[in-house]
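Residues in the sequence shown are numbered from 10 upward in steps of one, following the numbering used here.
Beta carbons: idealized from backbone N, C-alpha and C, even for Gly.
Values in this document were obtained by computation on a predicted structure and should not be read as measured data.
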Amino acid sequence: MTSFRKALLFGVIIWVIPFTVALFIFPLRESWRALFESIMPLVITITTVSLGVAYFKKVESGFIKEGVVVGLLWLIICLVIDLPLMLSSPMNMSLVDYMADVGLTYLIIPAITMSLGMTLKSRAME
Numbered sequence: 010m011t012s013f014r015k016a017l018l019f020g021v022i023i024w025v026i027p028f029t030v031a032l033f034i035f036p037l038r039e040s041w042r043a044l045f046e047s048i049m050p051l052v053i054t055i056t057t058v059s060l061g062v063a064y065f066k067k068v069e070s071g072f073i074k075e076g077v078v079v080g081l082l083w084l085i086i087c088l089v090i091d092l093p094l095m096l097s098s099p100m101n102m103s104l105v106d107y108m109a110d111v112g113l114t115y116l117i118i119p120a121i122t123m124s125l126g127m128t129l130k131s132r133a134m135e
């Protein structure tokens with residue numbers, strides 16, 4: 010991993026930004042659920058792409074491996090922070106409900122970082 014400290018920081022930021030947005034738009038979850046469910050993956054995607062591009066600027070080799078490792082790290086960070094909050098009060102979600110409603114969306118993160126790694130590898134081969 011190119012920079013473990015930067016990877017950790019970016020992982021936390023990838024959780025904080027969508028969480029903050031969710032707090033502000035939470036009333037939509039009840040009043041217009043479809044819009045809420047469309048906004049949140051978009052926020053996660055934009056945040057992950059932005060920080061992924063910033064992270065990969067210092068990566069010089071092993072792009073695919075770096076994409077897998079950093080993506081899984083960011084996924085784990087989001088789940089570790091999120092799960093205690095969502096499974097306890099006031100949300101009181103079951104683990105199954107959490108994974109169906111929120112957890113699976115976080116798979117966007119490693120999909121993006123792996124894609125960035127593959128793109129950088131293909132460019133390096135040109």
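Taking the alpha helix (DSSP H) that residue i belongs to, which residues open and close that run?
{"i": "residue 39", "result": "13 to 40"}
{"i": "residue 99", "result": "Element bounds for residue 99: n/a, residue is neither H nor E."}
{"i": "residue 70", "result": "Here residue 70 belongs to no alpha helix (DSSP H), and DSSP marks it neither H nor E."}
{"i": "residue 126", "result": "117 to 134"}
Please confirm whether residue i and residue j have their CB atoms less than 8 Å apart.
{"i": "residue 23", "j": "residue 82", "result": "no"}
{"i": "residue 58", "j": "residue 118", "result": "no"}
{"i": "residue 64", "j": "residue 133", "result": "no"}
{"i": "residue 28", "j": "residue 37", "result": "no"}
{"i": "residue 116", "j": "residue 104", "result": "no"}
{"i": "residue 130", "j": "residue 72", "result": "yes"}
{"i": "residue 77", "j": "residue 123", "result": "yes"}
Taking only the alpha-carbon atoms, compute the straight-line gap between residue i and residue j and give it to the nearest angstrom.
{"i": "residue 99", "j": "residue 93", "result": "11 Å"}
{"i": "residue 30", "j": "residue 49", "result": "8 Å"}
{"i": "residue 79", "j": "residue 90", "result": "16 Å"}
{"i": "residue 111", "j": "residue 128", "result": "27 Å"}
{"i": "residue 14", "j": "residue 68", "result": "14 Å"}
{"i": "residue 8", "j": "residue 26", "result": "The chain is shown only over 10 to 135; residue 8 falls outside these bounds and no answer can be derived."}
{"i": "residue 101", "j": "residue 41", "result": "21 Å"}
{"i": "residue 135", "j": "residue 86", "result": "34 Å"}
{"i": "residue 62", "j": "residue 39", "result": "34 Å"}
{"i": "residue 66", "j": "residue 20", "result": "16 Å"}
{"i": "residue 84", "j": "residue 33", "result": "23 Å"}
If we cut at 8 Å on Cβ distances, does residue i have a partner in chain D?
{"i": "residue 87", "result": "Absence of chain D from the displayed structure is noted, only one protein chain being present."}
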